[in-house]
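Report on the following structure.
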């Protein structure tokens, strides 16, 4: 018998970090929760990173996921913004890792392909497919929706990862 796996998907951002939690049993997906952790733009960078850490740590503690997935960072034209996003992403990866979770990373195009079937698409298409895949899903804003999509991408890809490990150890 296969066990239910609880996955947290995380969409990193310095102002808003989206999170979404799903459970997967075989090929079925079940929505658990979603939301956004925010930081105060009037505070210094270190304090904002602490806000993201503490907020996400509360989510991980409350929902106790088994695995985590984070969207990979894309490079902006603005080097300072890219660096700040990278720092927020570091915090976002640290929280589940400190909780003992394996953290997988997915490119934005891989996430879109897993959810809408193509690597390029609009946010509205992701929202629509989330409602089809998990009719009970609730999410406010693009950050939480993207985080759910990241969790779904991981659910679709985790079986392949297990198989690669089995084959590598043989």
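Residue numbers (full-length UniProt numbering): 1 to 170.
The C-beta atom is built at its ideal place from N, Cα and C for all residues, glycine as well.
Counting only the Cα atoms, residue 40 lies some 25 Å from residue 150. Residue pairing by DSSP places residue 37 opposite 17 in a beta bridge. Taking 8 Å as the cut-off, the beta carbon of residue 37 is found no closer than this to the beta carbon of residue 63. DSSP places residue 68 outside any alpha helix (DSSP H); the residue lies instead in the beta strand (DSSP E), whose first and last residues are 67–71. Contact check for residue 68 and residue 101: beta-carbon distance about 5 Å, within the 8 Å limit, so the pair qualifies. Residue 80 and residue 26 have their C-alpha atoms some 42 Å from each other. Taking all protein chains shown into account, residue 132 has fewer than 16 neighbouring C-beta atoms within 10 Å of its C-beta and is therefore exposed.
Taking a 10 Å sphere around the C-beta of residue 140, we find fewer than 16 other C-beta atoms and assign the residue as exposed.
Distances from the CA of residue 3 to each of 93, 110, 66, 121 were compared; the closest alpha carbon is that of 66.
When secondary structure is reduced to three states using DSSP, residue 24 falls in the strand class.
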